[in-house]
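Shown next, in structure tokens, is the structure this report addresses.
2 protein chains.
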Amino acid sequence: MATENAWDIVKDLLRMGSALYRNGDRIAGAYELNQQQFIVLSEIVNSGPINQKQLIGEMIIEKSSLSKIVKKLKSLGLVTSTSSPDDGRAILLSATQKGATVWKECMGNFHDWQVDWAGSLTKEEVRQTIKVLERLKELPL
Amino acid sequence: MATENAWDIVKDLLRMGSALYRNGDRIAGAYELNQQQFIVLSEIVNSGPINQKQLIGEMIIEKSSLSKIVKKLKSLGLVTSTSSPDDGRAILLSATQKGATVWKECMGNFHDWQVDWAGSLTKEEVRQTIKVLERLKELPL
DNA sequence: AATTATTAGTTGACACGTCAACTAATTTAG
DNA sequence: CTAAATTAGTTGACGTGTCAACTAATAATT
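Taken in order, these protein sequences are the chains called A and B. Numbers 39 to 179, taken from my numbering, label the letters of the first sequence in order. Numbers 39 to 179, taken from my numbering, label the letters of the second sequence in order.
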């Protein structure tokens, strides 16, 4: 493959990622969160109780950063932690009632935005997009 | 379109962006640059002389951040600035000989990595990827 | 022409992500 | 069983991106 194409693809993906993070920061900002923090909350809401090590396996984030995000989520009253019965070092994270509510509202705002953003994609275009992304995810990175 | 799909697409793009930035930071790190700084250098090498306002138009970056990146590139001796003949407030950025050399070497390293990363994509897959990305770039963001 | 509004670029405060170092718990090796 | 190695999570130093404030030049308005 011509590396011109690869560089263009890389640049497009980088740019798109940045734009989406900015947008996510704006939407989640109403709840004092940024996009990454919202993703952590989402994972906890959907998969909790969950320990940090598992969370790190689902995302691209340093454990130190996650530790700080979790600390913030706890201070905002969105998440609680309990010790893990399986491993004395680990803690299990769960969403609080407040956390679940904030997540639901914020997710609703994301959905509203998504209707605007991608609503003009045809079913075929969605299918192709998903297919391409699945393929890209397979590439060694 | 089902917003489940949109959210999945968003998450994939966010994750891919992060992974690519990390990878870029690693490759450009050999030259004391990160991915974003390398992109700025690339733009200057390829489009210089260019002012910062134009650069900002090509990227997703705050002018303040760009100012800091330019400052770093200058201190590394990769970029020089001259006043613009058209606008007394603006400065024109050009790559130095050293800057062009660093860019060429680093770009070579990116190409090498790209061969590993995307070399397994068929021509059709590349075509589809580019087509999908072109479409995504049209979406309001 | 003078005044007001806008803009190119800079700087500082601050949030946040990475890396390194650390503590305490667990796992592995002898 | 004991010692060494590894690991879950925390904390601090530091680089970097955003936002706000600022200066000086330019553009627009009166």
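Glycine included, every Cβ here is placed at the ideal spot set by N, Cα and C.
Opening and closing residue of the beta strand (DSSP E) in which residue i lies
i      : result
A/A133 : I129 to A133
Endpoints, alpha helix (DSSP H) assigned at residue i
i      : result
B/T167 : K161 to E176
B/S119 : First-last for B/S119: V117 to S121, but that is the beta strand (DSSP E), not the alpha helix (DSSP H).
B/E96  : Q90 to E96
A/I107 : K101 to S113
Three-way DSSP call (helix, strand, coil) for residue i in this model
i      : result
B/N84  : helix
A/L71  : coil
A/L58  : helix
B/L179 : coil
A/G137 : helix
A/G157 : coil
B/G126 : coil
Short Cβ contact (8 Å threshold) for residue i with residue j
i      : j      : result
B/L171 : A/I77  : no
A/G140 : A/Y69  : Before going on, a small fix: residue 140 of chain A reads as Val here, not Gly. Yes.
B/T82  : B/A128 : A small fix is needed here, since residue 82 of chain B is Ile in this sequence, not Thr. No. Outside cutoff.
A/L104 : A/S119 : no
B/A66  : A/I98  : no
B/I107 : B/Q74  : yes
B/L116 : B/L177 : no
B/L179 : A/N61  : yes
A/E163 : B/R173 : yes
B/Y59  : A/L93  : no
B/F148 : A/W45  : yes
B/N182 : B/S122 : In the structure displayed, chain B extends from 39 to 179; residue 182 of chain B sits before or after that span and is not available.
Buried versus exposed, by CB contacts within 10 Å (16 or more), residue i
i      : result
A/Q135 : exposed
B/T160 : exposed
B/G55  : buried
B/T167 : buried
B/G146 : exposed
B/D50  : buried
B/G157 : exposed
B/G95  : exposed
B/G137 : buried
B/G126 : exposed
The ligand SAM heavy atom lying under 7 Å from the CB of residue i
i      : result
A/T139 : Because no ligand of any kind appears in the structure shown, any question about the ligand SAM cannot be addressed here.
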